[in-house]
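Presented below is the structure to which this report refers.
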Amino acid sequence: MKKVGMIRCQQTEDMCPGNTDFKVAKEGKLAFEEMGPVEVIGFISCGGCPGKRAITRAKMMVDRGAEAIVLVSCISKGNPIGYPCPHYANMRDAIIKKIGPEIEIIEWTH
Ligand code: SF4
Numbered sequence: 261m262k263k264v265g266m267i268r269c270q271q272t273e274d275m276c277p278g279n280t281d282f283k284v285a286k287e288g289k290l291a292f293e294e295m296g297p298v299e300v301i302g303f304i305s306c307g308g309c310p311g312k313r314a315i316t317r318a319k320m321m322v323d324r325g326a327e328a329i330v331l332v333s334c335i336s337k338g339n340p341i342g343y344p345c346p347h348y349a350n351m352r353d354a355i356i357k358k359i360g361p362e363i364e365i366i367e368w369t370h
């Protein structure tokens, strides 16, 4: 079973506990269809706007065993209020630069 570290939007913490992210990860559904069920080794926020803390947080999870980093759907799709992160592309690109291309990035969950 692959190990993943999840990063979520800090501003969404007030309105969503992330339960669907855990559900689809455990069941290997939607974004995890190809990978199958995964073990979530960390579930951490971006650290607040503009998301710079997400870069070192992603690295920390890789150092602690994450084989893929998941940017959950509150960031990329704006769940549950339809408001995607305006810093998303910069955050994702900086994470890739920091952790290297060998670590897979999954850009949504459900
Ligand atoms: S940087 Fe993006 S993901 Fe992070 S709190 Fe702000 S809007 Fe949410």
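Each residue of the sequence shown is one higher than the one before, counting from 261 in the working numbering. Heads up, the beta-carbon is just placed ideally off N, CA and C, and yes, glycines get one too. Just so it is clear, the structure is predicted and the values come from calculations on it, not from any experiment.
With a 10 Å radius around the Cβ and a threshold of 16 neighbouring Cβ atoms, ALA349 comes out exposed. Along the stretch 266-320, the alpha helix (DSSP H) occurs as fully enclosed runs of 4 or more residues at 279-287, listed in sequence order. The DSSP-derived three-state label of LYS263 is strand.
One thing to note: GLY302 has its Cβ within 8 Å of the Cβ of ARG324. Bounds of the beta strand (DSSP E) holding ALA328 are 328-331.
Distance from the CA atom of LYS262 to the CA atom of ILE329, rounded to whole angstroms, is 11 Å.
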